[in-house]
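The next block holds one structure in the form of structure tokens; read it before the comments.
4 protein chains.
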Amino acid sequence: MCASSCKDKHQAILSATLKLLATKGFHGFSIKQLAAEAGVAAGTVYLYFKDKDELIVSLHSNIISTVADAIFESHDTTLPLEQQYRELCIRLWQFCLNNKCMTLCKPQFDHLPENVLDDLYQDTWRQLQPLSDLYEQGRKQGILKNLPNDVLSSFGIEPYVNLAGQQLRGTIKISPDDLNTMLNASWNAISTSKIETQ
Amino acid sequence: MCASSCKDKHQAILSATLKLLATKGFHGFSIKQLAAEAGVAAGTVYLYFKDKDELIVSLHSNIISTVADAIFESHDTTLPLEQQYRELCIRLWQFCLNNKCMTLCKPQFDHLPENVLDDLYQDTWRQLQPLSDLYEQGRKQGILKNLPNDVLSSFGIEPYVNLAGQQLRGTIKISPDDLNTMLNASWNAISTSKIETQ
Amino acid sequence: MCASSCKDKHQAILSATLKLLATKGFHGFSIKQLAAEAGVAAGTVYLYFKDKDELIVSLHSNIISTVADAIFESHDTTLPLEQQYRELCIRLWQFCLNNKCMTLCKPQFDHLPENVLDDLYQDTWRQLQPLSDLYEQGRKQGILKNLPNDVLSSFGIEPYVNLAGQQLRGTIKISPDDLNTMLNASWNAISTSKIETQ
Amino acid sequence: MCASSCKDKHQAILSATLKLLATKGFHGFSIKQLAAEAGVAAGTVYLYFKDKDELIVSLHSNIISTVADAIFESHDTTLPLEQQYRELCIRLWQFCLNNKCMTLCKPQFDHLPENVLDDLYQDTWRQLQPLSDLYEQGRKQGILKNLPNDVLSSFGIEPYVNLAGQQLRGTIKISPDDLNTMLNASWNAISTSKIETQ
DNA sequence: CATGAATGAGCTTTCATTCAT
DNA sequence: CATGAATGAAAGCTCATTCAT
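Chains as they are written, first to last, in our numbering: chain G, 124 to 321; chain D, 124 to 321; chain Z, 124 to 321; chain Y, 124 to 321.
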């Protein structure tokens, strides 16, 4: 009796939150609007989430795990590191373009109260363990530059999310050729060796 | 009597906005707090800015021009492109570390209503003209990858701001050695040529 | 199966109400808390009581009858009036100290909507009939001052409940000697004769 | 410019609070109703009082000081203690009957959260210093029973407030003769000496 | 120009009550 | 009988904005 309903409402609220956050941003996002969007009463939100903060944190975790599932699917650790990395980037790019709301939401989480941020940070790297492993291995083998995970991600991975967001907003237009060049840029940034580009 | 006072109040309000935005974020600050911090009455804010949005946009423009002044100071277009770029990155890094409030504020602007965002975008690239020129020249000479300005910035420049922010928040610690490696990463990402790293 | 259960639930709800009312007061308790405390579902409360008001009124009646049972137990109408009265006061004092929840709850009933109050008032004097009789008899015999029941109670009986409440809250400390003096005070207040005190 | 308005609004809010509290009790008392009654906007209440608690505490202090002014006016410490006390009781009784709202409000304060209560308690005895002095003097001279202030008040003073409240609500009717007898009851309760009654 | 008291819409959250199961 | 998910009105409180001074 609850098997469907419980899951449904919980998920409906999270989905509505995702949509509203992507559309209106943190401003112009209220519990009342959320309830309307999710098709439930305002009070119902509080049956599934302690308060607004918990809702936000839940959504973040949800997004990260969805991303992780997508980019680590068919991730093959036996392949050469470079190939692993490039395929990972491609899957991330595809994912971002196919999941507008998540792509637009993600960067909004970066400016929450400090204590919340810490939790999100921990949770994120836990779910991105395979990426963390890849970095570690690459540094050991001398293939990747000797930089902390955060730095490698800042130069290599995060630009994809930002650029996908801009493309989804219509600000820029990335061609398939551009994507290829971007993959090189990304790899050049973090690797010690260099491939001929263009 | 007004010549100074006018400028003073205007600037005082902008400075207070910067400080509060960096400290409390978008959600945590109100016009009343702002007025208190700026040492003026709440109503006075509306003599200098139409509304909160205009205030925010003004602050953004202010920040960008301050950054531009800092990173393009003693910018010498006769030097080799790579050197120009590297010095520019160094000055940006220094600037970010020395201007905590601006560094922490900057990414908060990325998630405003769309129409506001467009204005900011236009304004930003206008003020970063020399960077735009550098990209253009680099692409023509085959030194830089053939990618749009936004993409080059995403892989090359923006990571510095994000990482500086993290360092200022105490999340990460970048050593001088790391900085050197980052400069290589940044250049490798956008350039077509190869440098020996580490 | 119902014979016991019905009584049980009904009583469990009343007991939980008493406890919560004493602990948190009128404002601090909700039906949900009450249900949890009573070990039933929220909806169940409404099977036994029409609404919150009826629950409260029931509790009041319950308390009064418990008090009445306690203070009129072994009440001997053949003893001299003064002795009857004094023993009654002592039992009331003991009862209050031994029944913290009831003592702390009682005064909270004094400030309900008027219509509810009237019901409580009627019900109270009905259950305190022996006290009413005692007053009546005392006035007729010229032993008690010629004052309405409410007035006699206000000066003679009610102070015990209030003071017991203060003692239970830790605000004041009444010694056995004090109690003796209080018994005199109480009797002096309502009687026409006077005993030597202290 | 503010001399009138500021005082006015502050007082208007307090008066409206008093009225609503007396009429509807703590339940059925909301800031919105209060604002309507006071003829101001809801937000305005918060310009004069930090929150609801502060408003309530202020009102209490206000009531106590009004009562104190009334009952200690023309209070002559050179008269015999008994006469001082009796006149004090009479003024209290008159005050209560003439100030329905305050009389009905007063007992409602007795059931607030503990921390608030403590403040009220301290404040009350501070303002009732002359009564405290009278008790002290009476005990020293052996005229009053050797009981703590709270106990003496419970048996001697508080009944007047409670009974006045009942009379104002129409529950009971006290005749002038009754009042005289009550004055005796009150004095008999707290004094050690004997007066002929009735 | 500058003030800051006043506004009132809107926020998050709670809670008495209902009803499908 | 019993449940507890769901409701939605209403609570306390904040805040961008206005306007009389």
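Cβ atoms here follow ideal geometry from the backbone N, Cα and C, with glycine treated the same way.
- Would you identify the three-state DSSP class for residue 197 (chain D), choosing helix, strand or coil? Here DSSP, grouped into helix, strand and coil, assigns residue 197 (chain D) to coil.
- Item | Close beta carbons around residue 160 (chain Y), own chain, < 8 angstroms, minus the five adjacent residues each side | So the list reads 139, 142 and 143, once near-sequence residues are dropped.
- Task: Could you list which residues in chain G have their beta carbon closer than 7 angstroms to that of residue 304 (chain D), in chain order?
- Result: From the beta-carbon of residue 304 (chain D), the residues of chain G found nearer than 7 angstroms are 268, 269 and 270.
- Measure from the C-beta of residue 253 (chain D) to each C-beta in chain G and report whether the shortest distance is under 8 angstroms. False, the Cβ-Cβ gap to chain G never drops below 8 angstroms.
- Message: Let's see if you can read the secondary structure: which residues bound the alpha helix (DSSP H) around residue 154 (chain D)?
- Response: Residue 154 (chain D) -> alpha helix (DSSP H) spans 154–161.
- Anything in chain D within Cβ reach of residue 195 (chain G), meaning under 8 angstroms, just list it in chain order. Neighbours of residue 195 (chain G) on chain D: none; closest Cβ ~23 angstroms, over 8 angstroms.
- Task: Please name the residue in D:286, D:223, D:245 and D:269 whose C-alpha comes closest to that of residue 270 (chain G).
- Result: Considering only alpha carbons, the answer is D:286.
- Query: Does the beta-carbon distance from residue 265 (chain G) to residue 315 (chain G) come in below 8 angstroms?
  - Reply: Contact flag set, yes.
- Message: Let's see if you can read the secondary structure: which residues bound the alpha helix (DSSP H) around residue 299 (chain Y)?
- Response: From DSSP, the alpha helix (DSSP H) with residue 299 (chain Y) extends over 299–313.
- Given that residue 264 (chain G) touches chain D, what residues does it touch there, using C-beta distances under 7 angstroms? None at all; the shortest Cβ gap to chain D is about 13 angstroms.
- Message: Let me make sure I understand the geometry here. Which of Z:280, Z:239 and Z:298 has the alpha-carbon closest to that of residue 251 (chain Z)?
- Response: For the residues Z:280, Z:239 and Z:298, the minimum Cα distance to residue 251 (chain Z) belongs to Z:280.
- Task: For residue 231 (chain D), go through chain G and note every residue whose CB falls closer than 7 angstroms to its CB, in chain order.
- Result: Per Cβ cutoff of 7 angstroms: 234.
- Task: Label residue 273 (chain G) either buried or exposed according to how many other C-beta atoms from any shown protein chain fall within 10 Å of its C-beta, with 16 as the threshold for buried.
- Result: Its Cβ being crowded by 16 or more others within 10 Å, residue 273 (chain G) is buried.
- Message: Within the continuous alpha helix (DSSP H) that includes residue 316 (chain Y), where are the two ends?
- Response: Counting along the chain, residue 316 (chain Y) falls outside any alpha helix (DSSP H), and DSSP gives it neither H nor E.
- Chain-order list of residues whose beta-carbon lies under 8 angstroms from that of residue 154 (chain G) (same chain, five-residue window excluded): Sequence-distant partners of residue 154 (chain G) (beyond 5 residues in either direction) whose C-beta falls short of 8 angstroms from its own C-beta, in its chain, are 165, 168 and 175.
- Using a Cβ-Cβ cut-off of less than 8 angstroms, give me the residues of the region 149–167 of chain Y that come near chain Z, in sequence order. Within the region 149–167 of chain Y, the qualifying residues are 149, 150 and 151.
- Where does the unbroken alpha helix (DSSP H) through residue 240 (chain Z) begin, and where does it stop? Here the alpha helix (DSSP H) through residue 240 (chain Z) covers 237–250.
- Ordered along the chain, which non-local residues of its own chain (more than five positions away) have a Cβ less than 8 angstroms from that of residue 296 (chain Y)? So the list reads 290, once near-sequence residues are dropped.
- Query: If you scan the region 162–234 of chain D from start to end, which runs of the alpha helix (DSSP H) of 4 or more residues do you find wholly inside it?
  - Reply: The qualifying runs are 165–171, 175–195, 204–221 and 223–228.
- To the nearest angstrom, report how far apart residue 130 (chain D) and residue 183 (chain G) are at their CA atoms. Here the C-alpha atom of residue 130 (chain D) lies approximately 43 angstroms from the C-alpha atom of residue 183 (chain G).
- Taking Cβ positions only, does residue 311 (chain G) come closer than 8 angstroms to chain D? By this cut-off, residue 311 (chain G) is an interface position.
- Query: Can you tell which of Z:299, Z:212, Z:301 and Z:268 has its C-alpha closest to the C-alpha of residue 301 (chain Y)?
  - Reply: Distance from the Cα of residue 301 (chain Y) is smallest, within the candidate group Z:299, Z:212, Z:301 and Z:268, for Z:268.
- Task: Enumerate in chain order the residues of its own chain whose CB-to-CB distance from residue 203 (chain Y) is below 6 angstroms, with the five nearest sequence positions on each side excluded.
- Result: Once the five neighbours on either side are set aside, residue 203 (chain Y) has no close Cβ partner at all.
- Mind checking whether residue 188 (chain G) and residue 137 (chain G) have CB atoms under 8 angstroms apart? No. Outside cutoff.
- Going by other Cβ atoms of all chains shown within 10 Å of its Cβ, with 16 needed for buried, is residue 238 (chain D) buried or exposed? Residue 238 (chain D) is exposed by the Cβ-count criterion.
- Excluding the five sequence neighbours on either side, which residues of its own chain have a C-beta within less than 6 angstroms of the C-beta of residue 220 (chain Y), listed in chain order? Counting only Cβ-Cβ distances below 6 angstroms, and skipping sequence neighbours, we find 287.
- Buried/exposed call for residue 303 (chain Z), threshold 16 Cβ in 10 Å: Residue 303 (chain Z) comes out exposed.
- My understanding is that residue 197 (chain D) touches residue 278 (chain G), with C-beta atoms under 8 angstroms, so please give their C-beta distance in whole angstroms. Contact doesn't hold; Cβ gap of about 26 angstroms is too wide.
- If you run the structure through DSSP and keep just helix, strand and coil, what is residue 267 (chain Z)? Strand.
- Query: If we ignore side chains and look at the alpha-carbon of each, how far apart do residue 218 (chain Y) and residue 178 (chain Z) end up?
  - Reply: Per the coordinates, the alpha-carbon of residue 218 (chain Y) lies some 36 angstroms from the alpha-carbon of residue 178 (chain Z).
- Task: List the endpoints of the continuous alpha helix (DSSP H) containing residue 278 (chain Y).
- Result: Element bounds for residue 278 (chain Y): 272–279.
- Going by beta carbon distance, what residues of the same chain come within less than 6 angstroms of residue 209 (chain G), once the five residues before and after it are set aside? Here residue 209 (chain G) has 306 as same chain residues with Cβ atoms under 6 angstroms from its own Cβ, once five neighbours each way along the sequence are excluded.
- Message: I'd like to check one pair, residue 257 (chain Y) with residue 207 (chain Y): are the Cβ atoms closer than 8 angstroms?
- Response: Their beta carbons are under 8 angstroms apart, which means residue 207 (chain Y) touches residue 257 (chain Y) by this criterion.
- Message: Considering Cα atoms alone, identify which of G:298, G:248 and G:135 is closest to residue 158 (chain G).
- Response: Out of G:298, G:248 and G:135, G:135 has the C-alpha closest to the C-alpha of residue 158 (chain G).
- residue 212 (chain D) to residue 186 (chain D), Cα distance in whole Å? Between the alpha carbons of residue 212 (chain D) and residue 186 (chain D) lies a distance of about 17 angstroms.
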